[in-house]
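**Student:** Attaching a single structure in structure tokens format; questions to follow.
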Amino acid sequence: MTSRAEFPSSGSAKWWKPVSEGKWTCLACKDGNNRTKSAAISHEQRSSHRDAVRHHENASLGASFGHIEPSGSIEDLSRSGLALILDDMTVPDIGLDDNSDNLQQSDHSFGWDSSTDFGSELFGHSADAIGKALIAEALQGFLDDNELSEEEVEERSDDDERTSRRPTVEEVEDEDAPSRGAHRSRNANAASSTEWFPWPDKISCTIDILMHLPRSVFSERQLDILLWLLKINNVADVPSVKSMKNLDDMLQQMCGIRSLLHEGALGHKFYVNSLSDVIRQEMANPRVRPHMQFYPEDAGKKLNEAWQARHWLKDMDADRLTPMARLHHQDYFVFEPALLTSGRVCMPTRWFTRGNILHARAWALQPVVRDSCCGWRVEEFEEFEVPETEFLVSFKNWNASGATSDLPPATEIFGTVHTVDGTIQPWTLTDPKLGNRWRAIADGARVYSFPIWLYCDDTSGNLSKKWNKHNSFLFTPAGLPRSFVHQEYNVHFLCTSNIAPPLEMLDGIVDQLESAWDKGIWAWDTVHEERVLVIPAVLALLGDNPMQSEMACHIGLMGKYFCRSCQVKGQERSRKESTGETTVATENEDESEDEEDHLEHGSEGEASGSEAGSAGPKTVKKKIQETMEQMVSRVQRFVQTGEPRQRDDSISKLKSMFALAKTVGNQTKIKALKTSSGVKDTYLDNFVDRIAKSYSKKRTKQSKQTALDEFIQTLPNNVISPVWRIKGLNPHSDTPVEILHTFLLGFVKYFWRDVVTIRVGKNKLKRELLETRLSSFDVSGLNISPLSGRTLVQYAGSLVGRDFRAIAQVAPFVLYDLVPKECYDTWVSLSNLIPLVWQPEIDDIDAHLADLEVAIQQFLARTAKWTPRWFNKPKFHILLHLVEHIRRFGPAALFATEAFESFNAVIRAKSVHSNRHGPSRDISRAFAHGNRIRHLLSGARILIRNHSTVAANNIEVAPNHIYSSYQQLLPLLDVVDAGPNCGVWCRTGKSPLGLVARPNIVTDYLGFDEPATSKLGKCIHDNYPLRPYAATLTGEKFPFALSDLSPDILNQNNFRTSKSVTLQNGDVCPVGQWVLLWIDEQHDPIVARVREIIQWKGSLGDKTSSPDGVLLEVGAVSGTAEPYHMPAVRAVQDQYHLVPVQNILCTANLQHRCEPNKCTIAATAPIYEERQRTEKTKPAVQHIGNADDLVLNTARMRDARFMRRLRSPLESLTMDSAILEGTAREINLRRAAAKVVSHS
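Mapping to full-length UniProt numbering: the sequence shown position 473 is 473, numbers consecutive.
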């Protein structure tokens, strides 16, 4: 080591060249830096310098990493992943030379292994040394200098950004500073490279993971601070931000999801992530694929999943279903003749499962003779089911099988007959000579349908209140079980834009769908370990009501025909002019509509307000008041479904509008057609507006028509919404009722604002009483946090979905004397309805839908009896279609959008970290990179694209030697050919997978961990010591229950108790909690209270941390508790059950009957400040009377199927009488108000 007294030493002098007084430059590293004496001595101690010297001594030339400048910062170093990176970060140092001039031709190549001939100058170097040089240059090739911005909306120029860039850590770091960690070194052989494949080493892998964790957006400046932290702590091999970006882009090009630029027909550019790439990843993902279903299931009356519902099972277009089944080593495709074991010949039309056995629905085939030729006639009127065991010979094996020797050829189909006495029609579904077209495309591979839930919504791209609208499309596989569909891990981003409207963006998605329908998507099936062909399909379009209306080409909720599903007619938008004052807002009309109502399109038939700047006295447009007869008629139409809208009819009307637009002067007719039909296509409207502008400056009618005709020629072929190009989709019937916005953010929000602002209003005593009741409410068994009454009342206009979820379950117990009886009855009926809507598992679909239909009708009837004013809100009609949508798509919880809504926060975070030059591109790429990390760490096979595939798909192409470097490494990996010009399927290295092999903070961020559901029967012991059986409450109540045990065991300290146990539905049940106990199918569940959880030391339960028995005190259900319309419950003294934990169905929520017992308010609850109890108190409910006089809260949203038998039926109320009573009350109130005004 060189001492500070003598520098340079005799041994190191040849590596140092003096450049000025007191400064030297290193000839070994050739980095061009002029160092002071102290800095040079520190430089000599670095492993990179020592390695460079060693390489120079062993060879004439070498290579090293060029200097790469990082940039970035951090906002939260407490984020996870830091421990993972710091843990065991150091790897063996491999030295590199810095003579990079000889490697200019290898700018972007990975150095996994290399046999490339770089000329005689590299003679004598090993393949390892050359590989390291390739790695060094590869990490410099793909620079993306987009600096991350704050949340300003305005786009900035590139020049502004470059001039304002802050210096990076390396730019301001003094050479004389202490050593900051070794430079990058690389693995010495290809075998070690494959360990971290496709990353070069551990630290690159871990930092790449950290940069793309979901919900943890990591900017360059944040990363710069993290890398500085690592360097300053002497962590070896710390890369720069630039090198990590290069690596990230390189991996994305070769094995990530592509972000494809789309130029919309309306003139906007935006990026769409490749749907086919996402589907490929899902099929290869071992965390997803095993749970996916590709065939519908006939589950009888049971309905839990989308594939059990009618749409997928019966109604879905056969071309969108899985077209084949592999049975007995043969592939049977739909619409191809198949021979059965009975000798009968059939033509399968769709596949489904029943009891884990595959079945086919099939048409009969009858042999016929025509023109001396034998062939087949398809009899579509005779449809029957065939189990998989009865199939014998497929279309492909027809000629080779002896069983078909006496039958006509399978390729001769003369025609089809639709009815018994119908005439034969040409067969058009397939080419009889070739069979199903997917057979030829698949070429022996399996073919699967891949239905998706497609979701669209708008969200703000800002964290502030300033609205920055971004329309986004997301999807999740519909073939996943309900518990998986709602996981954020399975929500996939497709595209977003702050300039392109939703239907223009949908056009880009439909283009991808059409390409997939034409050729299919080749993917790796991780279950069967083989290549498969996948056909995507859209099961339904999800979103809030305004977005679904736009997707369905519907005029919107403010139109005269306000329903996207049927042709129900609303109120006429007639107005009259008046110079007097308009009437004040009615007490029930929401002055502050919910967010989605602000997005509604105004009615085409609605008169506009006065023009700005118009002369003369200001006129006021006000509604013409309805007569009682008109009001009754409108409400009666409102509470009934109209004639269903038809796909073909809507397309016909849109084409008529476009035809009208081709003639000058038809704008008024087009507007009238929209109003009279309720059909409005915002995509078509854009072209219609352009057509009108094309001749606006012309004067004569002939010149206008000429200009119009010329402009028509410039329009694209498809001028109506791309939603009509989605095969098998009817946007009128395939946009199911969105229960979050319709119920929680609809009815519950409307009613709660009415309670707080009108019913309670500014009455201080009532407000305090309501707040106290809410804060004192016992939430045990509801799986929600204790309520803050002050928040729910004071901020009633700013609550969110989870707040309204809680209000719906508690309202009947806090409002009974604060609102009129009609209002309270409506609340009770709503609380009775909501649990049925959210029921996720349906044992008997017919019985459930019958109950749901009755509950909906009773809710609407009580609403009408209260006041008909609510029926100006379309949601009170839209819920009528929910019954049909549940039968069509499955439980409403399946198509609820909570998971998508929460995903908006992730989109917003990506938007904030975009530099706003191209938000659609930046956000799409951010999600694409995150999907790559998710996929690489899932243990799935990854598709390494070859260079020609990347170039052909318009990906930013890197030099071909990047891919050739991978090709040289691939023989060491487990690879499978992906097909001609597609690349290869290979696996991630073992070491990256080891990072997520066990649950940790990174697996939690990535969504790899299983949902936090506790193990059935898991119990948590209390603090009581072991004691004899007789000393327990169970021993007291059931002294002989354990008589089979020896007296020594019973009399010694062998029994312990627990304070809680986990039930079969995941509920944690403490001692004292009320539960529902299952007896058998013939009896209703028993309401009981847990008194003791007992465990015997040494039993099987003790070894598995589960109880040996649960002691329950029985409660008796006795009639209906008024005014709640819920079951009354009383504890039965000295009646106990000792049961296994498996017999307990769920927890229950019981409340004291405060209304008949006249419970009061007293200042008894202590106040906590900064988590410290104070001497102060606040009001709390003080229960009076019998503490066991209880009510079973059937408004509990969870486990509604267990509560079903215990529900107290609501008093039946006929709709007509309710409407008449409500309208009569409304007319009387109107007359009374008019008298007050006239007298004043």
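Think of the CB as a built atom: it goes at the ideal place given N, C-alpha and C, for glycine as much as any other residue.
Can you give the Cα-Cα distance for residue 1204 and residue 1165, rounded to whole angstroms?
**Tutor:** Using only the alpha carbons, I get a separation of about 36 Å.
**Student:** Starting from residue 624, trace the alpha helix (DSSP H) both ways and give me its first and last residue.
**Tutor:** Looking at the DSSP string, residue 624 is not in any alpha helix (DSSP H), and its letter there is neither H nor E.
**Student:** Closer than 6 Å by C-beta to residue 238: which residues in its own chain qualify, once you throw out the five before and the five after it? Chain order, please.
**Tutor:** Only 181, 227, 230, 231 meet the Cβ criterion.
**Student:** Taking the alpha-carbon of residue 325 as reference, which of 305, 269, 741, 392 has the nearest alpha-carbon?
**Tutor:** For residue 325, the nearest C-alpha among the options comes from 392.
**Student:** Can you tell me whether residue 1256 is buried or exposed? The criterion is at least 16 other CB atoms within 10 Å of its CB, across all chains shown.
**Tutor:** Outside the shown range of the chain (1 to 1240) lies residue 1256, about which nothing can therefore be said.
**Student:** Where are the alpha helix (DSSP H) runs, 4 residues long or more, that stay fully inside the stretch 461 to 514, in chain order?
**Tutor:** DSSP runs (the alpha helix (DSSP H)) wholly in the stretch 461 to 514: 482 to 485.
**Student:** Tell whether a beta-carbon distance below 8 Å holds between residue 492 and residue 679.
**Tutor:** Not in contact: residue 492 and residue 679 (Cβ atoms no closer than 8 Å).
**Student:** Spatial neighbours of residue 291 within its chain, please: C-beta separation below 7 Å, excluding the five flanking residues on both sides.
**Tutor:** Cβ within range, chain order: 480, 481, 484.
**Student:** Are any of the Cβ atoms in chain B nearer than 8 Å to that of residue 685?
**Tutor:** Of the protein chains in the structure, only one exists, and it is not chain B.
**Student:** For residue 22, which residues of its own chain have a beta-carbon under 8 Å away from its beta-carbon, when the five flanking residues on both sides are left out?
**Tutor:** Answer for residue 22: 36, 37, listed in chain order.
**Student:** Are the stretch 1178 to 1193 and the stretch 790 to 799 touching by the rule of at least three beta carbon pairs closer than 8 Å?
**Tutor:** Not touching, per the Cβ criterion.
**Student:** Please report the residue range of the alpha helix (DSSP H) in which residue 298 lies.
**Tutor:** Taken as a continuous stretch (DSSP letters only), residue 298 belongs to no alpha helix (DSSP H), as it is neither H nor E.
**Student:** Quick check: the stretch 733 to 743 against the stretch 510 to 526, are at least 3 beta-carbon pairs closer than 8 Å?
**Tutor:** Verdict: no, contact absent.
**Student:** If we require 4 or more residues per run, which alpha helix (DSSP H) segments fall completely within the stretch 336 to 374?
**Tutor:** Fully enclosed alpha helix (DSSP H) runs of 4 or longer: not present.
**Student:** According to DSSP, residue 1173 sits in a beta bridge with which residue or residues?
**Tutor:** Answer by DSSP bridge pairing, in chain order: 1168.
**Student:** If you drop the 5 nearest sequence neighbours on each side, which residues of the same chain put their C-beta closer than 7 Å to that of residue 975?
**Tutor:** Excluding positions up to five away in sequence, the list reads 984, 985, 986.
**Student:** Taking the continuous alpha helix (DSSP H) assigned at residue 852, which residues delimit it?
**Tutor:** Looking at the DSSP string, the run of the alpha helix (DSSP H) that includes residue 852 is 845 to 866.
**Student:** At 3 residues or longer, and completely inside the stretch 514 to 555: list those beta strand (DSSP E) runs for me, N to C.
**Tutor:** Within the stretch 514 to 555, the complete beta strand (DSSP E) runs of at least 3 residues are 521 to 525, 530 to 542.
**Student:** Since residue 942 is in the beta strand (DSSP E), which residue starts that stretch and which ends it?
**Tutor:** That run of the beta strand (DSSP E) goes 941 to 944.
**Student:** So residue 1182 and residue 1167 are in contact, right, with Cβ under 8 Å, and what is the actual spacing, rounded?
**Tutor:** So it is not a contact: roughly 17 Å between Cβ atoms.
**Student:** Under 8 Å between the Cβ atoms of residue 804 and residue 744?
**Tutor:** Against a cut-off of 8 Å, the Cβ pair of residue 744 and residue 804 comes out as a contact.
**Student:** Give me the DSSP bridge partner(s) of residue 1020.
**Tutor:** Its beta-bridge partners are 1060.
**Student:** Using a Cβ-Cβ cutoff of less than 7 Å, which residues in the same chain neighbour residue 53 once the five nearest sequence positions on both sides are dropped?
**Tutor:** Correct list, in chain order: 15, 28.
**Student:** What is the C-beta distance between residue 516 and residue 536, in whole angstroms, given that I count them as a contact (C-beta under 8 Å)?
**Tutor:** Between residue 536 and residue 516 the Cβ distance is about 5 Å, and since that is below 8 Å, they are a contact.
**Student:** From 1034, 1073, 1026, 938, pick the residue whose C-alpha is nearest to that of residue 1251; which is it?
**Tutor:** Lying before the first or after the last residue shown, residue 1251 is absent from the chain, which here runs from 1 to 1240.
**Student:** Closest to residue 1217 by CA distance: which of 1131, 30, 928, 867 is it?
**Tutor:** Minimum Cα distance to residue 1217 is reached at 867.
**Student:** Hey, how far is the Cα of residue 119 from the Cα of residue 56?
**Tutor:** For residue 119, the pLDDT reaches just 37, beneath the cut-off of 50, and the residue's location in the model is therefore unreliable, leaving the point undetermined.
**Student:** Quick check: the Cα distance between residue 1060 and residue 1019, rounded to an integer number of angstroms?
**Tutor:** Between residue 1060 and residue 1019, the C-alpha separation is close to 6 Å.
**Student:** Do you know how far the Cα of residue 545 is from the Cα of residue 595?
**Tutor:** Below a pLDDT of 50, predicted positions are generally treated as unreliable, and residue 595, at 40, falls in that range; the measurement from the model is reported next regardless. Straight-line Cα distance between these residues: approximately 11 Å.
**Student:** Within the same chain, show all residues whose beta-carbon is closer than 7 Å to that of residue 294, passing over the 5 residues directly before and after it, in chain order.
**Tutor:** Result list for residue 294: 322, 448, 449, 479, in chain order.
**Student:** Using the beta-carbon count (16 or more within 10 Å), is residue 1040 buried or exposed?
**Tutor:** Counting Cβ neighbours within 10 Å, residue 1040 comes out exposed, since fewer than 16 surround it.
**Student:** Put residue 741 into one of helix, strand or coil per three-state DSSP.
**Tutor:** In the structure shown, residue 741 sits in a helix (DSSP, three-state: H, G or I).
**Student:** Let me check one thing: in DSSP terms, what residues is residue 1116 bridge-paired to?
**Tutor:** Residue 1116 is bridged to 1130.
**Student:** Please go through the same chain and pick out, in chain order, the residues whose beta-carbon is closer than 7 Å to the beta-carbon of residue 380, but skip the five residues on each side of it.
**Tutor:** Closer than 7 Å at Cβ, skipping near neighbours: 363, 416, 417, 418.
**Student:** Count the other C-beta atoms from every protein chain shown that fall within 10 angstroms of the C-beta of residue 384, then say buried if there are 16 or more, exposed otherwise.
**Tutor:** Under this definition residue 384 is an exposed residue.
**Student:** With H, G and I counted as helix, E and B as strand and the rest as coil, what does DSSP make of residue 407?
**Tutor:** Note: residue 407 maps to coil in three-state DSSP.
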